[in-house]
Amino acid sequence: MSRLSARNKRWLINKTPREFIAAFRQFPPLIAAVLYQRDLRSEGAIREFFASDYRLHDPFSLRGMETAVQRIVAAIQNHEPMAVYGDYDTDGVTAVTLLVQVIRAMGGMIQPYVPHRIREGYGLNIAAIDALAREGVRLLITVDCGISNVREAEHARAVGLDLIITDHHAPPARLPNALAIINPKQPGCLYPFKHLVGVGIAYQLARALARRGLRSTLQKDDLLDVVAIGTVTDMGPLIGENRVLVTHGLKALNAAQRPGVRALIEAAGLTPGRVTSTDISFGLGPRLNASGRIDNARLSYELLLAEELETAQRLAHELNMQNRQRQELSKSVQAQASEQIRALGKDRQRIIVLDDVGYPAGVVGLVAARLVEEYGRPTVLIERGETWSRGSARSIPGFSIIEALTACADLFERFGGHTEAAGFTIATDRLPELEERLVQYAEECLPDDLLTPSLWLDAEISLGELSYELLKELMHLEPFGQGNPQPVLMSSRVQVIGAWPRGSEGQHLKLRLADASGAGPVDAIAFRFGHLARYFEQPRWIDVAYTLQADEWNGGNAVQLNVKDFRSAR
């Protein structure tokens, strides 16, 4: 192996000034370094970060909140039928769950509606609006969608529906003509924290309703479990209010009062009372997402609203099975797409745009993310249909995929998303023009330096400095996630004294490490590095980049390295 890293990434070590470490001697040097890298560089910022007190901004400082609350209060008092319309991902499902639970507890008549990914696609659609109107619904509330649905909003008004949009996606230049729009990113909104996800905005709406005197038996801990799940799974940055919501949401989640959450924890093989934000990302969130990817997201919100544990366990088992189907499907589609990318030479382009009838819309986003990791290029993966096609886009750090799609806005039936991820529906005959324009946009707007994937390292440390006590210090920085990633450490010139493939197909790699000073041995797990097992049949000296975790197999009092990358040592 050459000096090039196993992941073909450039390693960049964050530097922390010695003066900063000296000024914050109350923290171990490694913790001080990580705080500095997270831009926590003052006494006040650090104190607020560690406190995570349950303090949120006034929900009525969100533009549109007052109008929305007045209309919902009137609907409850007048016994008007309402519906909450959400996206089919975990953020949308948890937001639907929350508002149905809250408004019903306040005496309102409200029904959930989550569109079918394949038959209806993302966002509001006219057929659903018509169906709800025929059922007598007079007030429609969106969560995690709606901000781009200009035409659908006009149709809702035409059929006599009042529309309240709550969304967190980037607003288009022209906003829908709705009764109220609640989105902290919309022009003129003075709400200080702009990074709430859909379920976070729904929670603030629930708080505002409670402030208007609508009482129920619900407490905040009855709701914060789903807020934590939706926020982490949707990759809301875990700073500011999101950190507060997830910190307290994890406490509520680990109390596992909601039967659906208890059953989900059990189905994921997690330990009740010890669920972390990482467990949400890789255990709970994917299972809730699976139903919307494979079939219908209705299964997920039925689980979260289940009142009996036995019912919840049955639904959680079904989600588990769907998640396995989703994993197998994703693996198959990724292999197919990678082969097509290489055959067509698209890996040499600045942006990869790929379409096929065999790319199911339910997994194109997941596969696009894996292809970004594999090729270091923004990737757009599209399920091509006879008339309409649906795509998902994922990007690399520093390149806004929603801005790229906005430059092609005239081509889409509808689209929306974030800097890192977006989705769209487009007429199939316009796919060639879409690829041509995206490739041209990337040529003009995507600089060379962004095309070399980078791995940012928080600090260099020797194997001899690793300990369970150090791990406990790092755990004080939790919850980890977007905006507050788990610290990535580096150890130089480490010897691999043992290596074994792991996993059902040998896709992972178990390593045993030591260094020249005699420190070790330390165990490490390298996920998706199994193909390199033969390289380590002979002892090798490497530099290794990793996060630190408890070794559960040894009772939780030892540490294990979770390898992110390695390279041959000098």
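Numbering-wise, the sequence shown is residues 0 to 569 according to numbering that gives the first Met the number 0.
Heads up, the beta-carbon is just placed ideally off N, CA and C, and yes, glycines get one too.
Report, in whole angstroms, the separation of the C-beta atoms of residue i and residue j, which I expect to be a contact under 8 Å.
i           : j           : result
residue 558 : residue 465 : 6 Å
residue 418 : residue 400 : 7 Å
residue 415 : residue 122 : 7 Å
residue 648 : residue 492 : With the chain represented from 0 up to 569, any question about residue 648 goes unanswered, as that position is not in the structure.
residue 102 : residue 456 : About 47 Å; that fails the 8 Å criterion.
residue 510 : residue 519 : The pair is not a contact, with the Cβ atoms about 11 Å apart (cut-off 8 Å).
residue 495 : residue 535 : 5 Å
residue 105 : residue 249 : About 26 Å; that fails the 8 Å criterion.
residue 15  : residue 284 : With a Cβ gap of about 32 Å, residue 15 and residue 284 do not count as contacting.
residue 340 : residue 388 : At roughly 18 Å, the Cβ-Cβ gap does not stay under 8 Å, so residue 340 and residue 388 are not in contact.
Looking at residue j and residue i, is the spacing between their C-beta atoms short of 9 Å?
i           : j           : result
residue 297 : residue 72  : no
residue 241 : residue 232 : no
residue 332 : residue 357 : yes
residue 95  : residue 149 : no
residue 236 : residue 480 : yes
residue 364 : residue 420 : yes
residue 227 : residue 263 : no
residue 257 : residue 361 : no
residue 472 : residue 29  : yes
residue 549 : residue 498 : no
residue 282 : residue 255 : no
residue 444 : residue 403 : yes
residue 441 : residue 398 : yes
residue 437 : residue 460 : no
residue 201 : residue 97  : yes
residue 276 : residue 225 : no
residue 9   : residue 483 : no
residue 40  : residue 19  : yes
residue 485 : residue 427 : no
Report the three-state DSSP secondary structure of residue i (helix, strand or coil).
i           : result
residue 238 : coil
residue 391 : strand
residue 1   : Any answer about residue 1 is weak, because its pLDDT of 45 lies below 50 and its placement is not dependable; what the coordinates show is given next. In this structure, residue 1 counts as coil in the three-state DSSP scheme.
residue 8   : coil
residue 31  : helix
residue 515 : coil
residue 134 : coil
residue 276 : helix
residue 503 : coil
residue 563 : strand
residue 568 : coil
residue 319 : helix
residue 350 : coil
residue 151 : helix
residue 46  : helix
residue 14  : coil
residue 355 : strand
residue 53  : coil
residue 327 : helix
residue 543 : strand
residue 343 : helix
residue 523 : strand
residue 199 : helix
residue 156 : helix
residue 296 : coil
residue 529 : helix
residue 382 : strand
residue 371 : helix
residue 493 : strand
residue 480 : strand
residue 185 : coil
residue 509 : strand
residue 289 : helix
residue 303 : helix
residue 179 : strand
Report task. Mind the definition here: the region 317-326 touches the region 111-119 only if three or more C-beta pairs lie below 8 Å; say whether that holds. Result -> no
Query raised in the report: Taking one C-beta from the region 81-94 and one from the region 40-56 each time, how about it: are there three or more such pairs within less than 8 Å?
Result: no
Query raised in the report: With a cut-off of 8 Å, do at least 3 Cβ pairs link the region 195-208 to the region 449-457?
Result: no
Query raised in the report: Okay, do the region 55-62 and the region 177-190 touch, 3+ Cβ pairs below 8 Å being the bar?
Result: yes
Query - 4-residue-minimum alpha helix (DSSP H) runs that sit fully inside the region 204-270, ordered along the chain - result: 223-232, 239-254, 258-266
Requested in this report: Entirely within the region 392-462 and at least 4 residues each: give me those alpha helix (DSSP H) ranges in chain order.
Outcome: 400-405, 430-444
Query raised in the report: Just checking, does the region 241-254 make contact with the region 192-202 on the three C-beta pairs under 8 Å criterion?
Result: yes
Requested in this report: Take every Cβ of the region 501-515, pair it with every Cβ of the region 300-307, and state whether three or more of those distances are shorter than 8 Å.
Outcome: no
Query raised in the report: With contact counted as at least three CB pairs below 8 Å, one residue from each stretch, are the region 424-436 and the region 513-533 in contact?
Result: no
Requested in this report: Assess, as a yes-or-no matter, whether the region 149-169 is touched by the region 123-130 under the definition of 3 or more beta carbon pairs within less than 8 Å.
Outcome: yes
Query - Inter-stretch contact (C-beta, 8 Å, three-pair minimum) for the region 156-176 and the region 132-140 - result: yes
**Report entry** the region 346-353 touching the region 374-394, judged by at least three CB pairs closer than 8 Å
**Finding:** yes
Report task. At 3 residues or longer, and completely inside the region 68-151: list those beta strand (DSSP E) runs for me, N to C. Result -> 80-85, 108-112, 138-142
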